[in-house]
Amino acid sequence: MSSFLQWLTSANGTSIIVAVLTLIGAFGTTLITNRKADQRRIADQIAEDKRRRSERAAQLVLEETARERREVSQCVREINEAAEEAIGIVKKSVSALLSNSGSGDSNVLLEAKVLQAQARAEFYLRAISATDRLRLELNQPDVRSRAEELSRFLHDESNRFRFRYGSDFEALLGAVSDEPIISGDLKKSITALIDSAFEHLHMSLPNGENKRESNRGNGG
Numbered sequence: 023m024s025s026f027l028q029w030l031t032s033a034n035g036t037s038i039i040v041a042v043l044t045l046i047g048a049f050g051t052t053l054i055t056n057r058k059a060d061q062r063r064i065a066d067q068i069a070e071d072k073r074r075r076s077e078r079a080a081q082l083v084l085e086e087t088a089r090e091r092r093e094v095s096q097c098v099r100e101i102n103e104a105a106e107e108a109i110g111i112v113k114k115s116v117s118a119l120l121s122n123s124g125s126g127d128s129n130v131l132l133e134a135k136v137l138q139a140q141a142r143a144e145f146y147l148r149a150i151s152a153t154d155r156l157r158l159e160l161n162q163p164d165v166r167s168r169a170e171e172l173s174r175f176l177h178d179e180s181n182r183f184r185f186r187y188g189s190d191f192e193a194l195l196g197a198v199s200d201e202p203i204i205s206g207d208l209k210k211s212i213t214a215l216i217d218s219a220f221e222h223l224h225m226s227l228p229n230g231e232n233k234r235e236s237n238r239g240n241g242g
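The numbers in the sequence shown follow the working numbering, run straight up by one, and end at 242.
Below, the structure is given as structure tokens:
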């Protein structure tokens, strides 16, 4: 034991002890440094994961609003196309009526008005179908509310067209040529839907630009 103490207090022993203590200190410092580095890496990874989740959530919202915006645009386009086709049929029937105005054939007038009534009925069917489909595709509350209002208006206007004259078919035929395919109130309801979509379904795109896909003029 005494010899070990003598060696421990000797120059060699002291050097070894110092070296061991230095090694232990360095090892401890390395452990602490590595632990802090690991903690930083974990914190950075958590922050990066959070940033990616946030960006992905924002991208999903952007994609969803773009999808709903396209649905509104498609609905308005379909209503406008249905109206244009109905107007085309009405114009053809009027043209045929004018070209036969001197024939005195009452069947020509009846056929023209029946075609106009059928064109209007077909317009309502297509417009209601497009609007009801749109309601199923929308999640944005304000825009969906406008779509529901438009759908109710179309249903009501279609019912008035079919039933307000009761069984008086002649009165119905007499009225179809006097009323526009898209009434003023219907146009207001469509415009309200477009305005709502423009207000609630337009977000900043990655390049900072916004594009209005719903167009009042052509529904495009």
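All C-beta atoms in this analysis are idealised placements derived from N, C-alpha and C, irrespective of residue type, glycine included.
Remember, predicted model here, so these are calculated numbers, not experimental data.
Excluding sequence positions up to five away, which residues of its chain have a Cβ less than 8 Å from the Cβ of residue i?
i      : result
Tyr146 : Leu176, Glu179, Ser180 and Phe183
Ser37  : none
Glu86  : Asn161
Arg234 : Low confidence applies here, because Arg234 scores a pLDDT of 44, under 50, leaving its location unreliable; read the following figure in that light. The answer, listed in chain order, is Phe220 and His224.
Glu170 : Arg157
Arg174 : none
Ile150 : Ser173, Leu176, His177 and Ser180
Should residue i and residue j be called a contact, given that it needs their Cβ atoms to be closer than 9 Å?
i      : j      : result
Leu137 : Glu90  : no
Arg148 : Glu100 : yes
Thr153 : Leu172 : yes
Val107 : Glu144 : First, the amino acid is wrong: residue 107 is Glu here, not Val. In contact: Glu107 and Glu144 (Cβ atoms closer than 9 Å).
Report the CB separation of residue i from residue j in whole angstroms; it is logged as a contact under 8 Å.
i      : j      : result
Ala214 : Arg168 : 5 Å
Val165 : Ala219 : 5 Å
Val98  : Ile203 : In fact, because the Cβ distance is near 15 Å, the residues do not count as touching under 8 Å.
Gln162 : His222 : 5 Å
Tell me which same chain residues have a C-beta within less than 7 Å of the C-beta of residue i, skipping the five on either side of it?
i      : result
Ile68  : none
Arg57  : none
Ile109 : Ile203
Arg142 : Ala108, Phe183, Val198 and Ile203
Ala48  : none
Ala105 : Phe145, Ile203 and Ile204
Phe185 : none
Asn243 : No statement about residue 243 is possible, as the shown extent of the chain runs from 23 to 242 and does not include it.
Counting only the same chain and skipping the five closest in sequence on each side, list residues whose C-beta sits under 6 Å from that of residue i.
i      : result
Thr52  : none
Gly230 : Note that Gly230 scores 41 on pLDDT, short of 50, meaning its location in the model is unreliable; the coordinates nonetheless yield the value given after this. Nothing listed; no residue qualifies.
Leu82  : none
>> Across the segment 78-92 and the segment 100-118, are there enough close Cβ pairs to call them in contact, namely three or more that are closer than 8 Å?
In response: no
> Which residue spans inside the segment 47-74 form an unbroken alpha helix (DSSP H) run of at least 4?
Replying inline: none
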